[in-house]
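Residue numbers (our numbering): 64 to 326.
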């Protein structure tokens, strides 16, 4: 670990979380390649969780008037349970198949919202955030991040761009506290992982200052287009991470077909 490494992590956090603000998510997923390259894959989940823990309070302060507390009250109970369960399972669970499925779902947002031209594809109810919080928080703790998978629900509920960003930040902060506590109890945080997370988190926290004015100038259509685009990119990244598994399955199926077991 050296100052150059920490500086690169801080820069990566700044860039990823600027895009995160402008498209309401995906920053953690965009950070994974940089964190993996600079620190190793074992540190990804705790580093990104600590990054979110530092960045979200700054964003909440900046967008405090836009938080939809009625959504937060439905989301948090399930999210807290899911975060604790997912963090506890983190060390032993395998999530390769889940990442592929989530990646396909995220890419599907391009068709769901017609590239951003469509405001909503269905009318979501507020109570849906309870099971959504449980599921997404569990998966996020297992995999480090699941990308902007909840954005579809927020858009279909009718949240404005500032409300979406602010409310997701409050919800994420609460679950990050739970994950940090469980990770600490499991001994996942080494001294290096803590330093890496602090460096990335500082860059992410500073990004709000740059991104907030830009977000306020965006139209609703521009914001939806950015959201959908980053959902698709996030989905593609998740699938690419598992390309080795996909290739292995393809070769296995080819061998089975060659042996005449399919036909």
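We put the beta carbon where it would ideally sit given N, CA and C, even for glycine.
Check: What ranges does the alpha helix (DSSP H) occupy inside the region 150-235, keeping only unbroken runs of at least 4 residues that lie completely in it?; Outcome: 159-170, 172-175, 192-206, 214-220
Check: By DSSP, does residue 106 sit in helix, in strand, or in coil?; Outcome: helix
Check: Could you tell me how far apart the beta carbons of residue 161 and residue 237 are, in whole angstroms, since I believe they sit closer than 8 Å?; Outcome: About 23 Å; that fails the 8 Å criterion.
Check: Check whether the region 174-183 and the region 287-302 are in contact - that is, three or more C-beta pairs closer than 8 Å.; Outcome: yes
Check: Kindly indicate which three-state DSSP category residue 249 falls into: helix, strand or coil?; Outcome: coil
Check: Would residue 80 and residue 258 qualify as a contact pair, given that the criterion is a beta-carbon distance under 8 Å?; Outcome: no
Check: Which value, in whole angstroms, describes the spacing of the CA atoms of residue 143 and residue 224?; Outcome: 25 Å
Check: Residues in its own chain within less than 6 Å of residue 196 by CB, not counting five upstream and five downstream?; Outcome: 138, 141, 142
Check: Rounded to whole angstroms, what is the Cα-Cα separation between residue 126 and residue 275?; Outcome: 8 Å
Check: Alpha helix (DSSP H) containing residue 86: first to last residue?; Outcome: 66-86
Check: Within 10 angstroms of its Cβ, does residue 310 collect 16 or more other Cβ (buried), or is it exposed?; Outcome: exposed
Check: Identify, in the order they occur along the chain, each residue of the same chain with its Cβ nearer than 7 Å to the Cβ of residue 172, setting aside the five sequence neighbours on each side.; Outcome: 215, 291, 294, 295
Check: Please classify residue 220: is it buried, with 16 or more other beta-carbons within 10 angstroms of its beta-carbon, or exposed?; Outcome: buried
Check: Select from 300, 305, 263, 286 the residue whose C-alpha is nearest the C-alpha of residue 118.; Outcome: 263
Check: Assuming residue 241 contacts residue 122 (C-beta within less than 8 Å), just tell me the rounded distance between them.; Outcome: Going by Cβ atoms, the distance from residue 241 to residue 122 rounds to 19 Å, so no, they are not a contact pair.
Check: Let me know if residue 105 comes out buried or exposed under the rule of 16 or more other beta-carbons within 10 Å of its beta-carbon.; Outcome: exposed
Check: At the level of alpha carbons, what is the spacing between residue 205 and residue 165?; Outcome: 13 Å
Check: Once you ignore the five residues that flank residue 284 on each side, which residues in its own chain have a CB closer than 8 Å to its CB?; Outcome: 179, 180
Check: Just to confirm my understanding: we take residue 194, look at its own chain, exclude 5 residues before and 5 after, and list those with CB closer than 8 Å. What are they?; Outcome: 141
Check: Work out the CA separation of residue 313 and residue 85 for me, nearest whole Å.; Outcome: 37 Å
Check: Can you check whether the CB of residue 218 is closer than 8 Å to the CB of residue 280?; Outcome: no
Check: Exposed or buried, what is residue 130 when buried is set at 16 or more other beta-carbons lying within 10 Å of its beta-carbon?; Outcome: buried
Check: When you compare only the Cα positions, how much space is there between residue 304 and residue 163?; Outcome: 9 Å
Check: If you follow the alpha helix (DSSP H) that residue 264 is part of, which residue opens it and which one closes it?; Outcome: 254-280
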